[in-house]
Amino acid sequence: MLLVGTDVEKDVRVYKRKIRAVGQMEIRSDLMDAHLYAFNRTTLQDVLEQKEAYRSIRLEVLPYLVKSQLRSAPSGGEGTIVDETGNVVVPPSSNLQCLSQHRAIAPSAFKQDLLASSGGGTHRCCVYIASKNKYCHRLNSIQAYCDINRDVIGEASHLSGYSFSSHNNIIHPSCVLGSKSTVGPQCMLAEGSQLGDKCGVKRSVIGRHCRIGSNVK
1 MLLVGTDVEK
11 DVRVYKRKIR
21 AVGQMEIRSD
31 LMDAHLYAFN
41 RTTLQDVLEQ
51 KEAYRSIRLE
61 VLPYLVKSQL
71 RSAPSGGEGT
81 IVDETGNVVV
91 PPSSNLQCLS
101 QHRAIAPSAF
111 KQDLLASSGG
121 GTHRCCVYIA
131 SKNKYCHRLN
141 SIQAYCDINR
151 DVIGEASHLS
161 GYSFSSHNNI
171 IHPSCVLGSK
181 STVGPQCMLA
191 EGSQLGDKCG
201 VKRSVIGRHC
211 RIGSNVK
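Using the UniProt record's numbering, the final residue of the sequence shown is 217, and nothing's skipped along the way.
Here it is as structure tokens:
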């Protein structure tokens, strides 16, 4: 089920066949969609050919794939699925070949108990939920970009791979600072950056190989 938090109503409707298909279900409202998706090329191409009107991966393609994986026929075997009208169809050989490739790459996703619960379909939709000690952020605005920059010199400083100096900042050894230039705490100057004379840097992250002239604050 893929819904933005603002689109979720007070009551959430879950169909019985979905519960029967998975056996166990956990509904959560504390997760964020990072908008990072990985598809099998053949599967995605098949969907786009069948659904030419689709324009959104998040709002149309993903929900369709999630729903169609639960429409597999329990007794139809590995290569038999049921379409939206209830008719049994056989997917093209390219799909069956992709299924075989997926089984070789990720055998744990094709255990018999998992296949039985999903009806033996030709594709599976999975999600990676990062643990709390992982850093995840969706960079989709200028504000988000600024927030991530602050995190890199804050709680997520380990991402830079550098260590803070005694002045509570990060200055790469290859950086060149002009006369009377200062770098305040909670700042980072990445590899190859140069500052002119009488520059002042406060609460900023300067990327690699940036050049700043004199008298800039």
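Ideal Cβ positions, reconstructed from N, Cα and C, are used throughout, including at glycine.
Output yes or no for whether 8 Å exceeds the beta carbon distance between residue i and residue j.
| i | j | result |
| --- | --- | --- |
| Q194 | I171 | no |
| V183 | G196 | no |
| L177 | H123 | no |
| S204 | G192 | no |
| L139 | I153 | no |
| C187 | K198 | no |
| V47 | I27 | no |
Using DSSP's beta-bridge definition, name the partner residues of residue i.
| i | result |
| --- | --- |
| V183 | V201 |
| V176 | Q194 |
| I170 | M188 |
| R211 | Q194 |
| I206 | L189 |
Where does the unbroken alpha helix (DSSP H) through residue i begin, and where does it stop?
| i | result |
| --- | --- |
| C136 | Neither: C136 is in no alpha helix (DSSP H) and is coded neither H nor E. |
| V47 | R41 to Q50 |
| L62 | L62 to S68 |
| K18 | K16 to V22 |
| D151 | I142 to V152 |
- Query: How do the region 57–64 and the region 32–47 stand: do at least 3 beta-carbon pairs fall below 8 Å, yes or no?
  - Reply: Yes, since at least three Cβ pairs between the region 57–64 and the region 32–47 fall closer than 8 Å, the two stretches touch.
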